[in-house]
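These notes are about the structure you will find just below.
Have a look at this one:
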């Protein structure tokens, strides 16, 4: 047992992160991962369930449906939160006044939205994230469009034919896209085909495509590929591992390493206005 796992609040946060990433978790796996007894995990799950933070299942736990969306985003924001903030700040430095942006959804894009609101820059943003659109609307200088469609409860994003039709009519300067995985072999990937299709449309209808990815997601692959890695123009990441980044650069992709949002201007591929 580590010093951190002796503290209930630290264990509870770790349990919630595990539920976010895997959907469910067994008592045995949680006990093994946290280095505590099964009895301790059972007490933790009982307390978290009493607070409405999870739902007990036979031999484990899951996120309760009634609070799934709110919890999912709260937990996603906690994971690599500092890295996402640095990535978002680096992204803002690449945006020019009065540009039109595509922004899909997710906690990394939400971090970008926070930075855009703070920057008070004048632009047009089109997003599939309900909470992202709500946040962007706080800045009167941002003309915010929420692509209308079916709202997916657990992710607070819009999806479906109406979304795709709307996005297909818009010509954007830059698409900022975050995904579940990004790899040289499988490209940008998502859990659902709907999300992959939306990313493909944003790519096709933008003059420049920028992928935002924490180091954790580089080299990862989810079920549905949206498009090959070679299709993107620029990657913003906190990853500093040259063995990971060199093959990406070899594809002609510019890379911005979000170290305190500092980067060399020569490493950025800007398209003419």
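Numbering (this note's numbering), first residue to last: 714 to 986. Every residue, glycine too, gets a C-beta built ideally from N, C-alpha and C. Only a predicted model underlies this, so the values are computations on that prediction, with no experimental measurement involved.
Could you tell me the alpha carbon to alpha carbon distance between residue i and residue j, rounded to whole angstroms?
i	j	result
residue 801	residue 808	11 Å
residue 915	residue 814	9 Å
residue 761	residue 971	35 Å
residue 782	residue 859	Note that residue 782 has pLDDT 49, beneath the 50 cutoff, so the model's placement of it is unreliable and the number below is only indicative. Roughly 18 Å separates the two Cα atoms.
residue 865	residue 871	6 Å
residue 724	residue 857	39 Å
residue 836	residue 771	50 Å
residue 798	residue 726	20 Å
residue 830	residue 890	18 Å
residue 885	residue 812	8 Å
residue 958	residue 969	10 Å
residue 749	residue 756	11 Å
residue 706	residue 944	Within the shown structure, residues of the chain are numbered from 714 to 986, placing residue 706 beyond reach of any answer.
residue 746	residue 853	46 Å
residue 779	residue 730	Per-residue confidence for residue 779 stands at a pLDDT of 48, beneath the threshold of 50, marking its modelled position as unreliable; no derived number is given.
residue 733	residue 769	15 Å
residue 966	residue 868	29 Å
residue 735	residue 759	19 Å
residue 849	residue 820	14 Å
residue 722	residue 930	26 Å
residue 741	residue 962	42 Å
residue 863	residue 816	17 Å
residue 898	residue 851	39 Å
residue 847	residue 956	39 Å
residue 706	residue 737	The structure shown has nothing for residue 706, since the chain only spans 714 to 986.
As a quick exercise: from the options, pick the residue whose alpha carbon is nearest that of residue i.
i	options	result
residue 923	933, 856 and 946	946
residue 893	905, 720 and 873	905
residue 765	771, 755, 776 and 756	776
residue 933	900, 951 and 958	900
residue 794	928, 969, 943 and 942	928
residue 861	875, 730, 868 and 852	875
residue 964	950, 951, 952 and 941	941
residue 880	863, 949, 898 and 840	840
residue 753	773, 877, 799 and 831	773
residue 810	838, 798, 847 and 797	838
residue 960	896, 930, 908 and 944	896
residue 926	908, 948 and 907	948
residue 767	739, 745, 751 and 748	739
residue 919	834, 969, 882 and 806	882
residue 887	806, 930 and 747	806
residue 921	863, 821, 804 and 737	804
My assumption, with CB atoms under 8 Å, is that residue i sits in contact with residue j. Please give the rounded CB distance.
i	j	result
residue 954	residue 902	At roughly 20 Å, the Cβ-Cβ gap does not stay under 8 Å, so residue 954 and residue 902 are not in contact.
Determine the contact status of residue i and residue j, defining contact as a CB-CB distance below 8 Å.
i	j	result
residue 842	residue 823	yes
residue 939	residue 917	no
residue 818	residue 845	yes
residue 743	residue 728	yes
residue 987	residue 910	In this structure the chain extends from 714 to 986, so residue 987 is not present and cannot be described.
residue 828	residue 951	no
residue 908	residue 873	no
Length-filtered (4 minimum) alpha helix (DSSP H) runs lying within the segment 823–873: 843–849
Length at least 4, wholly inside the segment 868–947: the alpha helix (DSSP H) runs in chain order: 874–881 and 906–917
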